[in-house]
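Residue numbers (the working numbering): 645 to 894. Working notes, structure below.
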Ligand SMILES: NC(=O)c1ccc[n+]([C@@H]2O[C@H](COP(=O)([O-])OP(=O)(O)OC[C@H]3O[C@@H](n4cnc5c(N)ncnc54)[C@H](OP(=O)(O)O)[C@@H]3O)[C@@H](O)[C@H]2O)c1
């Protein structure tokens with residue numbers, strides 16, 4: 645084995661990152677590849693962006709594939725796992741990153757908004773995690789992207805989104821208990837305000853969000869990805885909530 649191989653913590657592992665075409669998911673796919681993992685990413689509309697991520701992973705010497713799979717569709721949420729295994733041979737790491745943010749006052753949120761947010765942010769995570777757990781070997785890792793709004797709601801407008809992300813905390817802890825005896829871990833990362841298309845650091849609501857963090861700024865997708873990748877290599881962390889939020893919850 646070469647020195648380069650032994651230095652990479654995830655060499656020989658394969659990962660599936662849902663919503664890996666942009667933002668936190670794309671940054672995570674690249675960091676996983678830098679640590680030696682082969683990576684599948686899902687997308688819905690961003691085919692070209694997802695293919696850019698594939699090329700960037702391949703440029704690091706790893707295998708990659710972009711899969712169109714809507715996390716809000718029950719069949720596609722589960723079949724993304726099957727497709728990742730078909731392309732990469734096995735699945736060691738699942739990053740449940742795909743998510744949608746529908747914010748606004750209570751009265752502005754329609755039943756269709758509620759259904760869509762719960763379908764993508766909750767049901768999709770459940771179904772993808774279940775499909776992954778069915779094929780993961782010992783040492784498997786399930787890492788879910790939650791939100792700082794599950795820890796603290798510093799302003800109005802986040803009811804639906806925070807409700808959906810809070811469900812993932814319960815899922816993560818129960819998954820940790822159910823899968824622990826198979827040596828599979830489940831953890832959740834709570835990003836604070838993070839500069840992406842979903843929540844640009846110079847958007848109309850940015851200043852207020854930065855102000856409620858202890859560090860007074862947005863995080864970067866790369867900063868969140870660092871913790872996700874750490875959890876992908878961590879054997880004795882499970883059922884944990886890890887905030888990467890600049891002190892939003894402090
Ligand atoms: N940014 C923040 O401040 C922040 C804070 C806390 C938590 N989060 C969470 O972090 C995660 C990533 O957010 P982000 O800021 O990186 O978002 P983003 O920049 O909007 O990127 C979202 C990614 O998810 C994909 N996606 C969206 N809907 C999908 C669906 N139904 N099925 C599969 N993929 C889907 C998108 O694919 P396409 O390119 O095909 O659209 C894209 O790759 C989300 O779960 C979000 O809730 C973000």
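The beta-carbon is built from N, C-alpha and C at its ideal position, and this holds for glycine as well.
Delimiting residues of the alpha helix (DSSP H) encompassing residue 869:
865–876 is the span of the alpha helix (DSSP H), which, as asked, contains residue 869.
Just the C-alpha distance for residue 808 and residue 765, rounded to the nearest angstrom, thanks.
Near 6 Å, if we compare the C-alpha coordinates of residue 765 and residue 808.
Hey, would you say the C-beta of residue 723 is under 7 Å away from at least one heavy atom of ligand 1?
False, no ligand heavy atom lies under 7 Å from that Cβ.
Going by other Cβ atoms of all chains shown within 10 Å of its Cβ, with 16 needed for buried, is residue 805 buried or exposed?
The residue in question, residue 805, is buried, as its Cβ has 16 or more Cβ neighbours within 10 Å.
How close, in whole Å, do the beta carbons of residue 792 and residue 844 come, if the pair is a contact with beta carbons under 8 Å?
Actually they do not touch by this definition, with Cβ atoms about 17 Å apart.
Okay, do the segment 740–757 and the segment 699–711 touch, 3+ Cβ pairs below 8 Å being the bar?
Pairwise C-beta distances place the segment 740–757 out of contact with the segment 699–711, as fewer than three of them are shorter than 8 Å.
Would you say residue 661 lies against chain D (beta-carbon separation less than 8 Å)?
In the structure shown, chain D cannot be found, because there is only a single protein chain.
Are there 16 or more other CB atoms within 10 angstroms of the CB of residue 802, so buried, or fewer, so exposed?
Classification for residue 802: buried.
Just checking my contact of residue 861 with residue 869 at CB under 8 Å: how many whole Å lie between their CB atoms?
In this structure residue 861 does not touch residue 869 by the C-beta definition: roughly 17 Å separates them, more than the 8 Å allowed.
Pair every Cβ in the segment 818–833 with every Cβ in the segment 654–664, then say whether three or more of these pairs are closer than 8 Å.
No: the two stretches stay apart, fewer than three of their Cβ pairs being nearer than 8 Å.
What would DSSP say about residue 739, mapped onto helix, strand or coil?
In the structure shown, residue 739 sits in a strand (DSSP, three-state: E or B).
Contact test: residue 842 Cβ vs ligand 1 heavy atom, cutoff 7 Å:
Flag set: Cβ of residue 842 near ligand 1.
Relative to ligand 1, is the shortest distance from any of its heavy atoms to the C-beta of residue 759 smaller than 7 Å?
The answer is no for residue 759.
What are the uninterrupted segments assigned as alpha helix (DSSP H) that are 4 or more residues long and contained completely in the segment 679–740, given in chain order?
If we require 4 residues or more, the alpha helix (DSSP H) runs fully inside the segment 679–740 come out as 691–703, 718–732.
Give me the Cα-Cα distance between residue 784 and residue 746, rounded to the nearest whole angstrom.
Spanning the two alpha carbons is a distance of roughly 31 Å.
Report the option in 720, 879, 686, 841 whose CA atom is closest to the CA atom of residue 667.
With distances taken between Cα atoms, residue 667 lies closest to 841.
Is residue 882 near ligand 1, judged by its Cβ being under 7 Å from some heavy atom?
Incorrect: residue 882 has no Cβ contact closer than 7 Å to ligand 1.
Should residue 889 go down as buried or exposed, given a rule of 16 or more other Cβ atoms within 10 Å for buried?
With 16 or more other Cβ atoms inside 10 Å of its own Cβ, residue 889 counts as buried.
For a quick check, are the C-beta atoms of residue 681 and residue 660 less than 8 Å apart?
For residue 681 and residue 660, no; Cβs fall outside 8 Å.
Straight-line Cα distance separating residue 798 from residue 761
One C-alpha to the other measures close to 21 Å.
Helix, strand or coil: how does DSSP classify residue 796 here?
In this structure, residue 796 counts as coil in the three-state DSSP scheme.
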